[in-house]
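Engineer:
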Amino acid sequence: MKTVLFCLALFLLPISSAFADCPAPIDNSFAAAANAKFDCSSSLPLKGHETDRKFQVHYDFPKTLPDTSKLPWLTIDPFKNPADYMQAVLNYVTKVNARPEIDWRIQDNKVEEWCDAPWFFMLREPLHGMTTERWSRPKELHALQTDWERTFAVGIYNDVACYGFGQIWADPAFPKTLDFAFADGAVAAKMLFTSAKPSSVPYLAGSKEWDVAGEKDGSTMTMRLLQFDLSIKDKRSPNGWFFGTFVYNAMQPGDTPYQRLVPVGLIWGSDPALNAKAYLEQAMSPTESWVNPAVATMFYPLPRQNLGLFGRANGPVDNPMSACITCHQRALDWGTAVLPDSPEAAQAAELLPDVPTDPYNDSAVAAYFRNIGSNSPVPDTQSLDYVLQVSKGISAFRNWVKTDFPDHAASTSDVPPYPFKPGNTITVTPVDITAPGAEKLELDPTGKLFLR
5 MKTVLFCLAL
15 FLLPISSAFA
25 DCPAPIDNSF
35 AAAANAKFDC
45 SSSLPLKGHE
55 TDRKFQVHYD
65 FPKTLPDTSK
75 LPWLTIDPFK
85 NPADYMQAVL
95 NYVTKVNARP
105 EIDWRIQDNK
115 VEEWCDAPWF
125 FMLREPLHGM
135 TTERWSRPKE
145 LHALQTDWER
155 TFAVGIYNDV
165 ACYGFGQIWA
175 DPAFPKTLDF
185 AFADGAVAAK
195 MLFTSAKPSS
205 VPYLAGSKEW
215 DVAGEKDGST
225 MTMRLLQFDL
235 SIKDKRSPNG
245 WFFGTFVYNA
255 MQPGDTPYQR
265 LVPVGLIWGS
275 DPALNAKAYL
285 EQAMSPTESW
295 VNPAVATMFY
305 PLPRQNLGLF
315 GRANGPVDNP
325 MSACITCHQR
335 ALDWGTAVLP
345 DSPEAAQAAE
355 LLPDVPTDPY
365 NDSAVAAYFR
375 NIGSNSPVPD
385 TQSLDYVLQV
395 SKGISAFRNW
405 VKTDFPDHAA
415 STSDVPPYPF
425 KPGNTITVTP
435 VDITAPGAEK
445 LELDPTGKLF
455 LR
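Just so we're aligned, residue 5 is where the sequence shown starts under my numbering, counting upward by one.
1) Helix, strand or coil for residue 431? Go by DSSP, reduced to three states.
2) With residue 213 as the anchor, note down where its beta strand (DSSP E) starts and where it stops.
3) Report back the beta-carbon spacing between residue 227 and residue 199 to the nearest angstrom; my notes put them in contact at under 8 Å.
4) On the premise that residue 118 lies in contact with residue 110, defined as a C-beta separation below 8 Å, what is that separation, rounded to the nearest angstrom?
5) Leaving out five residues before and five after residue 364 in sequence, what residues of the same chain have Cβ atoms less than 6 Å from its Cβ?
6) Along the alpha helix (DSSP H) that carries residue 367, what are the first and last residues, could you check?
7) Can residue 394 be considered in contact with the ligand ADP, in the sense that its beta carbon sits closer than 8 Å to one or more heavy atoms?
8) With C-beta atoms as the reference, is residue 362 less than 9 Å away from residue 244?
9) Using only alpha-carbon positions, find the residue among 417, 79 and 65 that is nearest to residue 121.
10) Decide if residue 57 is buried, meaning its Cβ has at least 16 other Cβ atoms within 10 Å, or exposed.
11) List, from N- to C-terminal side, the alpha helix (DSSP H) runs of 4 residues or more that fit wholly inside the segment 223-257.
12) Taking the straight line between their C-alpha atoms, what separation do you get for residue 29 and residue 290?
13) Could you give the uninterrupted runs of the alpha helix (DSSP H) lying entirely in the segment 372-432, keeping only those of 4 residues or more?
14) Starting from residue 34, follow the alpha helix (DSSP H) in both directions and report where the run begins and ends.
15) On the three-state DSSP scale, how would you describe residue 157?
16) When you compare the segment 42-57 with the segment 100-107, are there three or more beta-carbon pairs, one atom per stretch, that lie closer than 8 Å?
17) Over what stretch of residues does the beta strand (DSSP E) that includes residue 267 continue unbroken?
18) Using DSSP with H/G/I as helix, E/B as strand and the rest coil, what is residue 90?
19) With DSSP run on the structure shown, which of helix, strand or coil describes residue 119?
20) Please say whether residue 172 and residue 419 have beta carbons closer to each other than 9 Å?
21) Expressed to the nearest angstrom, what Euclidean distance is found between the alpha-carbon atoms of residue 231 and residue 95?
22) Please classify residue 287 as buried or exposed, where buried requires at least 16 neighbouring CB atoms within 10 angstroms.
23) My output table needs one value for residue 207: the three-state DSSP class, helix, strand or coil.
24) Name the residue from 98, 416 and 404 whose alpha carbon lies nearest to the alpha carbon of residue 41.
25) Please list the terminal residues of the continuous alpha helix (DSSP H) segment that includes residue 355.
26) Are at least three pairs of beta-carbons, each pair with one atom in the segment 342-354 and one in the segment 146-153, less than 8 Å apart?
27) Please give me, in chain order, every unbroken run of the alpha helix (DSSP H) with length at least 4 that falls completely inside the segment 293-343.
28) What three-state label does DSSP hand residue 84 in the structure shown?
29) What are the boundary residues of the beta strand (DSSP E) that includes residue 196?
30) Could you check where the alpha helix (DSSP H) with residue 164 kicks off and where it finishes?
31) Pick helix, strand or coil for residue 176, following the three-state DSSP scheme.
32) Just reading off the alpha helix (DSSP H) that residue 283 is part of, what are its end residues?
33) Under the rule that 16 or more other beta-carbon atoms within 10 Å means buried, what is residue 304, buried or exposed?
34) Count the CB pairs spanning the segment 262-274 and the segment 315-328 that are closer than 8 Å, and state whether there are at least three.
35) Kindly list the residues whose CB is nearer than 7 Å to the CB of residue 262, restricted to its own chain and excluding five residues on each side of it in sequence; keep chain order.
36) Using the Cβ count rule (16 or more neighbours within 10 Å means buried), how would you classify residue 115?
Quick look at the structure:
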């Protein structure tokens with residue numbers, strides 16, 4: 005990773021940092037309102053830790069593509085040595101960001117360029133910028149787990165990926181996604197924390213802990229690092245990306261929680277032919293992912309059996325009916341607003357199949373587990389290159405424009421709007437990922453947004 009020198013500041017877009025309270029627009033114009041939203045870190049409440057340091061969104065967007073020739077994983081064959089490949093990327097991500105004096109406050113990292121994804125202020129809790137994800141059902145993480153547990157995550161991007169964000173968001177009032185793709189060498193890293201305690205998930209003992217303002221009123225809860233996800237744009241993958249995930253294991257030797265992260269698996273394809281019949285009757289196993297046998301045996305005795313459907317690579321807190329790359333390939337730009345509970349949202353749900361709820365429904369499995377390469381998952385839409393935070397940020401922007409500045413909706417997209425059929429609605433059964441009696445999805449919107 006190249007060192008950031010002071011003189012390079014001349015070649016960067018302005019670094020935009022904003023504290024948890026959303027800034028007021030400088031005037032009544034649309035551009036001013038868009039910039040204020042763009043610079044907002046979190047609009048969610050905080051209760052009990054008001055004097056603590058708050059999350060500060062950080063946009064370090066280089067204007068020129070960084071040098072990628074010396075990235076440490078390029079000399080490692082990801083197919084022959086997947087664990088070594090993953091470890092090289094993990095070391096790269098944690099080298100500076102995991103230092104105690106930085107602790108993932110990427111604006112404090114003065115030797116590397118990292119950035120956050122824009123337009124998540126309404127979903128990020130104010131202490132660490134974490135968003136809530138899928139709940140873990142009882143016994144998904146360990147046989148002793150009897151309660152539903154919450155998951156929160158925070159993601160960051162390296163300089164190559166930040167260059168891509170800068171290409172989209174050079175003008176916060178007019179994001180440009182036409183023909184967008186990240187450059188080789190782009191890396192996204194995501195830490196996922198669980199509300200589970202070591203008493204119910206013993207391998208969490210000694211893990212990293214954060215206080216997270218995850219309750220509706222801004223109250224905090226103690227969360228522990230359970231999973232660490234990586235995604236790497238690498239032309240050696242037939243679909244352009246490798247997705248890897250680690251799990252924390254207290255039994256792993258190491259002086260820090262990051263040294264006790266164990267590789268779970270690496271995936272580069274969806275294995276479209278792997279359905280229930282092939283798995284159960286033909287003993288087919290995934291050929292487009294690697295799963296660490298030592299980790300797989302931890303979860304096989306549990307009701308989930310596999311980490312991903314029929315043995316595909318996936319993380320412990322992820323939906324066992326899914327797989328890493330399959331979920332992420334759904335990232336796209338409709339070119340227009342898709343408001344919740346609208347006819348467009350119903351059509352979008354039909355056009356972009358979600359995780360199959362029945363693993364024996366071969367048509368549903370085939371519709372979800374596809375290999376699409378660099379194509380968009382829906383014809384006549386713009387691919388956003390396997391990065392869901394780009395997709396969700398663009399979607400949030402378009403919905404805001406449609407709601408608050410409808411006269412600007414048509415003029416703030418450089419891709420044609422998808423030709424939804426007016427008033428054409430379908431019945432879509434929502435997937436409920438909350439625990440019985442817990443907050444409903446409308447009070448926990450990121451659970452729906454980041455369902456995997």
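Think of the CB as a built atom: it goes at the ideal place given N, C-alpha and C, for glycine as much as any other residue.
Structural biologist: Answer, in terms of the structure:
1) Reliability fails at residue 431, whose pLDDT of 47 lies under 50, so the model's placement of it is uncertain and the value that follows must be treated cautiously. The answer is coil: DSSP assigns residue 431 none of H, G, I, E or B.
2) 213-216
3) 6 Å
4) Going by Cβ atoms, the distance from residue 110 to residue 118 rounds to 4 Å, so yes, they are a contact pair.
5) 280
6) Note, residue 367: alpha helix (DSSP H), 366-372.
7) The ligand ADP is not part of this structure, which contains no ligands at all.
8) No, the pair does not count as a contact, with Cβ atoms beyond the cut-off.
9) Answer by Cα proximity: 65.
10) When all chains shown are included, residue 57 counts as exposed.
11) Secondary structure remark: continuous alpha helix (DSSP H) runs of at least 4 residues inside the segment 223-257: none found.
12) 51 Å
13) Runs of the alpha helix (DSSP H) inside the segment 372-432: 392-408.
14) 34-42
15) strand
16) no
17) Where residue 267 is concerned, the enclosing beta strand (DSSP E) stretches over 265-271.
18) helix
19) strand
20) no
21) Going from the Cα of residue 231 to the Cα of residue 95 covers about 15 Å.
22) exposed
23) Shown here, residue 207 sits in a helix according to DSSP, grouped into three states.
24) 404
25) 347-355
26) no
27) Every alpha helix (DSSP H) of 4 residues or more that sits fully in the segment 293-343 is shown, in chain order, as 297-303 and 328-332.
28) In this structure, residue 84 counts as coil in the three-state DSSP scheme.
29) 191-198
30) 163-172
31) Taken through DSSP and simplified to helix, strand or coil, residue 176 comes out as coil.
32) First-last of the alpha helix (DSSP H) with residue 283: 280-285.
33) Only exposed fits residue 304, as fewer than 16 other CB atoms lie within 10 angstroms of its CB.
34) Counting C-beta pairs with one atom in each stretch, the segment 262-274 and the segment 315-328 have three or more that are closer than 8 Å, which means they touch.
35) 98 and 102
36) With fewer than 16 Cβ atoms within 10 Å of its Cβ, residue 115 is classed as exposed.
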